[in-house]
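This report refers to the structure that appears directly beneath it.
Protein chains in written order, with the working numbering: chain A, 1168 to 1553; chain L, 12 to 363.
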């Protein structure tokens, strides 16, 4: 029985996320994030042993297995290139797979990258292709998730303005992050509540934007981390999946997310997640998913997640700052969104989050989900060696 | 490194067209049952699940989501997916076992190529800005590769036909093969071109199919089978995407992967994933596989080519040579992308 090797994030990088990055190709977009991650990690191409690339469905940009044509741009020629695809959680899964390559002792340093160029794609169309034996999702992701949100409100008795609190907070946080797509420093709960209703109870300002963007992280073993100033040690990783539909499935608080979070805490040696976590970057594409995931992740008891949000405790400076970067509500390059959560969690414990830094953050969670709330990927990173 | 072995393998029949959906579920359910019951396992015994498939082949986004219905993952499972041949899913599963987090993994790949026009679909793997809009299809790209080899004197149309004859003869004893039959070289060379210099026999058929492999570590592998196929090395690498920047008559990434997987010393059987006859000639030459190495005794991709399951089948067939005691050391190869762009090599051995 071999022991798992320690692994750490040595550096992170991301693009300035925008609605349309017409100044760069898909390769150029990815390379911006990669170059920044490698500079942050202080590594060169010779230091990289393998590349892991994550991307949401190929149909989005209309390229079959785009990792193949990107082999040169991501510096993979003559090296192993692994393409991960696990729906919206893919950015997170890519981080988990890259970490496992190092933890397994197979490679010393791995580059993980993920991207989406929504201006060259049509996600709404790609998500609406009829599937045998499945209910069509013709209204896109918002139409699919709105009933889950309504169910959450009914079950928890949450006041209906909690969603707007999340949205206003994340947009204001985004204004502290120079890479965020939406820069709305003056966003308020009233403004969110005055915006157009799209999928009741989800209003326009409570939805994520469509972004072009990329993210990259360099992950290394203990020896590689020794040469790095303040790496983010990977304390735990977890992935779990369940079917889209089955009798008795709880779509508001999915079992796959709950057991992934439990496995994660167990691995990280965390017994009281709310007390022991200093910051969390969780995948919140629609505002209400903040309180929902607070419960699913075990930070709050079932039905109580909204209370932490309503009390302002998820703001920077609160008990558990959620999405200090502005989160998915401020930038959503789909395939990269999960990796951005993982990278932003690492930036917090590396002390490199700039204006959206949470003071003294030493342990942080990165979280992503995908499909119909059925694929989960998460990690815990810390300033201290595990 | 932990000792990890292939302990189970099953595949669907390789056929021109299945009646099932592109979800793969109809092909996967029977072979999951076959491989698990053969080992006396249930789904609860599997620590990690990983699959390889392609949305483009299925003609929809997220095709792997429906495929997990073949597992029935309730309670939820530890699971991942690669948009590549199942052989790369096997690599990810092998890594997961190496972390010590799990001791067993089930890997699968599936593809229903009959759902679309495969040769045109594969053109969309090329650079979307400068090459794909011209729609050079997979036969055209392979034809360019074959032509370069012929003109450089690296191989001939006769040598290519000889590969096809051997493949079809071997396929006669493979109950899952789609194409079999013992035509001779002259008969094949009398056939017309489909993409000059490629004739029909030079190209893998269009095939629907699926495959599954179970991996297990150390004692667990010993408990499950008498003669596990221990993986002594597994590695993969990729070449440039720019066809004009590559010497298409060679496969540098296969050579790199083979070196990292421990080389070919002592290899008795090599299962090569070569959807075109001349690609086998490239690999045999680049890897230095001599006459003493039995090449692709299953008949290989030329006898049946289920996309995204085919590379995993090569690993399964090479493992089976060890399970059965036919060989002590075997090599399996998988490929992806245009003109052998991406390659994986897995070397296995039996221990007595």
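Even glycine gets a Cβ: it sits at the ideal position worked out from N, Cα and C.
Subject >> Nearest neighbour of residue 342 of chain L, chosen from L:299, L:361 and L:281 [CA to CA] >> reply: Put simply, of L:299, L:361 and L:281 the residue whose alpha carbon is nearest the alpha carbon of residue 342 of chain L is L:281.
Subject >> Range of the contiguous beta strand (DSSP E) that encloses residue 1534 of chain A >> reply: Where residue 1534 of chain A is concerned, the enclosing beta strand (DSSP E) stretches over 1530-1537.
**OP:** Assign residue 163 of chain L to buried or exposed, taking buried as 16 or more other Cβ atoms, counted over all protein chains shown, within 10 Å of its Cβ.
**Re:** By the 10 Å Cβ count, residue 163 of chain L comes out exposed.
Original post:
Taking just the CA atoms, how far does residue 291 of chain L sit from residue 16 of chain L?
Top reply: Answer to the nearest angstrom: the Cα atoms are 26 Å apart.
Subject >> Strand pairing of residue 360 of chain L, partner residues [DSSP] >> reply: According to DSSP, residue 360 of chain L bridges with L:241 and L:340.
Original post:
Are residue 1253 of chain A and residue 1456 of chain A touching if we call contact CB-CB under 8 Å?
Top reply: With respect to the 8 Å criterion, residue 1253 of chain A and residue 1456 of chain A are not classified as neighbours on the basis of their beta carbons.
Original post:
Run through DSSP, which three-state label would residue 1358 of chain A get?
Top reply: The answer is helix: DSSP assigns residue 1358 of chain A an H, G or I state.
Original post:
Alpha carbon to alpha carbon, how far is residue 314 of chain L from residue 182 of chain L?
Top reply: So the two alpha carbons sit approximately 6 Å from each other.
Subject >> Straight-line Cα distance separating residue 1214 of chain A from residue 329 of chain L >> reply: Rounded to the nearest angstrom, the two C-alpha atoms are 34 Å apart.
**OP:** Taking C-beta pairs closer than 7 Å, name the residues in chain L that residue 1409 of chain A reaches, listed in chain order.
**Re:** Under the 7 Å cutoff, chain L gives 84, 85 and 87.
Subject >> Residue range of the beta strand (DSSP E) that includes residue 1554 of chain A >> reply: The structure shown does not extend to residue 1554 of chain A, since chain A is modelled only from 1168 to 1553, so the question has no answer here.
**OP:** Quick one: grab the DSSP three-state call for residue 37 of chain L.
**Re:** Residue state, collapsed to three classes: helix.
Original post:
How many Å lie between residue 1521 of chain A and residue 260 of chain L at the Cα?
Top reply: Using only the alpha carbons, I get a separation of about 51 Å.
**OP:** Establish whether the CB of residue 99 of chain L and some CB of chain A are separated by less than 8 Å.
**Re:** For residue 99 of chain L, the nearest beta carbon of chain A is closer than 8 Å to its own beta carbon.
**OP:** Just the C-alpha distance for residue 171 of chain L and residue 285 of chain L, rounded to the nearest angstrom, thanks.
**Re:** Their backbone Cα atoms lie some 12 Å apart in a straight line.
**OP:** For residue 197 of chain L, collect the residues of the same chain with a Cβ closer than 7 Å to its Cβ; drop the 5 residues on either side in sequence, then sort them by chain order.
**Re:** Correct list: empty, nothing qualifies.
Subject >> residue 1243 of chain A at chain L interface by Cβ criterion, 8 Å >> reply: Using a CB distance cut-off of 8 Å, residue 1243 of chain A counts as an interface residue toward chain L.
Subject >> Contacting residues, own chain, Cβ-Cβ under 7 Å from residue 1332 of chain A (five flanking each side not counted) >> reply: So the qualifying residues of the chain are 1356, 1476 and 1477.
Subject >> Sequence ranges, alpha helix (DSSP H) only - wholly within the stretch 302-357 of chain L, length at least 4 >> reply: Runs of the alpha helix (DSSP H) spanning 4 or more residues and lying entirely within the stretch 302-357 of chain L occur at 321-334, in chain order.
Original post:
Since residue 1298 of chain A meets chain L, which of its residues come closer than 7 Å, beta carbon to beta carbon?
Top reply: Going along chain L in sequence order, the residues near residue 1298 of chain A (Cβ under 7 Å) are 71 and 77.
Subject >> Classification of residue 102 of chain L by the beta-carbon crowding that lies within 10 angstroms, buried from 16 upward >> reply: Buried.
**OP:** May I ask which residues mark the beginning and end of the alpha helix (DSSP H) holding residue 1180 of chain A?
**Re:** Per DSSP, residue 1180 of chain A belongs to no alpha helix (DSSP H); it is in the beta strand (DSSP E), 1174-1181.
Subject >> CA nearest to the CA of residue 319 of chain L, picked from L:300, L:307 and L:345 >> reply: Checking every option, the nearest Cα to that of residue 319 of chain L belongs to L:345.
Original post:
In three-state DSSP terms, what is residue 119 of chain L?
Top reply: Residue 119 of chain L sits in a strand when the DSSP states are folded into three classes.
Original post:
Thinking just about the alpha-carbon of each residue, which of A:1329, A:1223, A:1217 and A:1274 is nearest to the one in residue 1370 of chain A?
Top reply: Ranking the options by Cα distance to residue 1370 of chain A, first place goes to A:1329.
Original post:
Near residue 1232 of chain A, which residues of its chain fall below 7 Å by C-beta distance, leaving aside the five closest residues on each side in sequence?
Top reply: These residues qualify, in order along the chain: 1225 and 1250.
Subject >> Cβ neighbour criterion (16 or more within 10 Å) applied to residue 335 of chain L >> reply: Residue 335 of chain L should be labelled exposed.
**OP:** Please name the residues in the stretch 1221-1233 of chain A whose beta-carbon is closer than 9 Å to at least one beta-carbon of chain L, in chain order.
**Re:** Near chain L, meaning a CB-to-CB distance below 9 Å, the residues of the stretch 1221-1233 of chain A are 1222, 1223, 1224, 1225, 1226, 1227, 1228, 1229, 1230, 1231, 1232 and 1233.
**OP:** Kindly indicate which residue of A:1431, A:1491 and A:1323 has the alpha-carbon position closest to the one of residue 1470 of chain A.
**Re:** The option with the nearest alpha carbon to residue 1470 of chain A is A:1323.
Subject >> Partner residues on chain L for residue 1509 of chain A, Cβ-Cβ distance less than 7 Å >> reply: Those do not exist, as residue 1509 of chain A stays about 15 Å from chain L at its closest Cβ, beyond 7 Å.
Original post:
Excluding sequence positions up to five away, which residues of its chain have a Cβ less than 6 Å from the Cβ of residue 1168 of chain A?
Top reply: Summary for residue 1168 of chain A: the model assigns pLDDT 40, below 50, so the residue's position carries little reliability; its value from the coordinates is reported in the next sentence. Closer than 6 Å at Cβ, skipping near neighbours: no residue.
Subject >> residue 285 of chain L: contacting residues in chain A (beta-carbon distance under 8 Å) >> reply: Near residue 285 of chain L there are no residues of chain A at all, since even the closest Cβ is about 18 Å away, more than 8 Å.
Original post:
Just reading off the alpha helix (DSSP H) that residue 1337 of chain A is part of, what are its end residues?
Top reply: In the DSSP assignment, residue 1337 of chain A falls within the unbroken alpha helix (DSSP H) covering 1329-1341.
**OP:** Say whether chain L places a C-beta atom closer than 8 Å to the C-beta of residue 1239 of chain A.
**Re:** So, interface residue.
**OP:** Compute the distance between the beta-carbons of residue 65 of chain L and residue 94 of chain L, then report whether it is under 8 Å.
**Re:** Their beta carbons are under 8 Å apart, which means residue 65 of chain L touches residue 94 of chain L by this criterion.
Original post:
Cα-Cα, which of L:275, L:264 and L:324 is closest to residue 353 of chain L?
Top reply: Comparing Cα positions, the closest option is L:264.
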